[in-house]
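**Q** Can you read through this structure? Questions will come right after.
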Amino acid sequence: MSSGKHMICDIKDIKNQNLINDPQQLTNLLDHICKTYDYTILQKSQHEFQPQGFTAVYLLSESHISIHTYPENNYVAIDIYTCRQYHDNQTYKDIYQFLIREFDADSNQEPVIIDRKFQ
């Protein structure tokens, strides 16, 4: 039996410097994903690093979403784990393509999608 799916994203070669450097836009991005896919946000925690970088973790009733930015390397790590029982990986692929478009990143990248199991 599955406990859900876990998508790990390494988004590289980001061209949208406005997004990667703006904590408000980044939280808006995560909020948009939660609203679009009907994820219930229980709590948010975030931290802005100096001189740059941002981390946020959203605790969801379905599990979690996290983001860690490295603007100096044009890189973002995003982790999404939900207990939703999607029939295939298309939902995660759609989210990933949305992220690639928003960050204006290299579209030849693929996320790692893991089917988490209890046994």
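The numbers in UniProt numbering rise by one with no breaks, and the one at position 50 of the sequence shown is 50. Quick reminder that beta carbons are idealized off the backbone N, C-alpha and C, glycines included.
Please check the pair I113 and Y81, which I expect to be a contact at CB under 8 angstroms, by giving their CB distance rounded to whole angstroms.
**A** In the sequence shown, residue 113 corresponds to position 113, counting from 1. In the sequence shown, residue 81 corresponds to position 81, counting from 1. That belief does not hold up - the Cβ atoms of I113 and Y81 are roughly 11 angstroms apart, past 8 angstroms.
**Q** Mind reading off the beta-carbon distance from T69 to L30? Whole number of angstroms is fine, and I expect it under 8 angstroms.
**A** The sequence position of residue 69 within the sequence shown is 69, counting from 1. The sequence position of residue 30 within the sequence shown is 30, counting from 1. Going by Cβ atoms, the distance from T69 to L30 rounds to 12 angstroms, so no, they are not a contact pair.
**Q** What did DSSP end up calling I52 once you bin it into helix, strand or coil?
**A** Position 52 of the sequence shown holds residue 52. The question names Ile, but residue 52 is Gln in the sequence shown. Residue state, collapsed to three classes: coil.
**Q** Determine the burial state of I8: buried for a count of at least 16 other Cβ atoms within 10 Å of its Cβ, exposed for fewer.
**A** The residue you call residue 8 lines up with position 8 of the sequence shown. When all chains shown are included, I8 counts as exposed.
**Q** In three-state terms, what does DSSP make of H32?
**A** Here residue 32 refers to the residue found at position 32 of the sequence shown. It is helical.
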